[in-house]
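**Student:**
In the numbering used here, the protein residues as written are 13 to 190.
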């Protein structure tokens, strides 16, 4: 794969090389080009501090990360009010996934109680860390939900966002931000 020299976007050499250039044509607003509107970082992330950060960055496979306020999370602001993240893990799994504790701390720091997490995985976790502000809509990983279930999720998100201009939604599946 190739990486853009400016925005660090990774492309597949065999599939996409003809469709992109090595340097993005306009890098004046890198965060918006990367689809990361709410991430306050505009410069490259600092080098990893330890083995845990190295492993987490490898697992996130070049996706945008939230690196600010002492956090380094596999999490992106899609808009200022919609956040996508990888699964919040605990125990040994938190060594290579987002730590549930770190995600809870970041959300509380940035959004106080104004967030609602949409768990689209079949896995559960300690929702008390998020003040029980988690809705489980799980379906099997790598499979599409029924249109009825997808509609329910979208309507629930819209309802939460419409109820207060400070509200944000956080969505995750099991594997990542896909």
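For every residue, glycine included, the Cβ atom is placed at its ideal position computed from N, Cα and C.
#1: Could you give the residue range of the alpha helix (DSSP H) that holds residue 116?
#2: Around the Cβ of residue 152, are there at least 16 other Cβ atoms within 10 angstroms (buried) or fewer (exposed)?
#3: Pull up the CB-CB distance for residue 173 and residue 181, whole angstroms please, since I reckon it's below 8 Å.
#4: Are the Cβ atoms of residue 87 and residue 102 separated by less than 7 Å?
#5: Could you please give the first and the last residue of the uninterrupted alpha helix (DSSP H) stretch that includes residue 165?
#6: Can you find the residues in the same chain that come closer than 6 Å, C-beta to C-beta, to residue 10, ignoring five residues on each side of it along the sequence?
#7: Once the 5 residues before and after residue 175 are set aside, which same chain residues still bring their CB inside 7 Å of it?
#8: From residue 166 to residue 96, what does the alpha carbon distance come to, in whole angstroms?
#9: Judging by CA-CA distance, which residue of 155, 123, 89 is the nearest neighbour of residue 134?
**Tutor:** Taking the structure as given:
#1: 112-123
#2: exposed
#3: 6 Å
#4: no
#5: Here the alpha helix (DSSP H) through residue 165 covers 159-175.
#6: For the chain, the structure presents residues 13 to 190; residue 10 sits outside this window and is missing.
#7: none
#8: 14 Å
#9: 155
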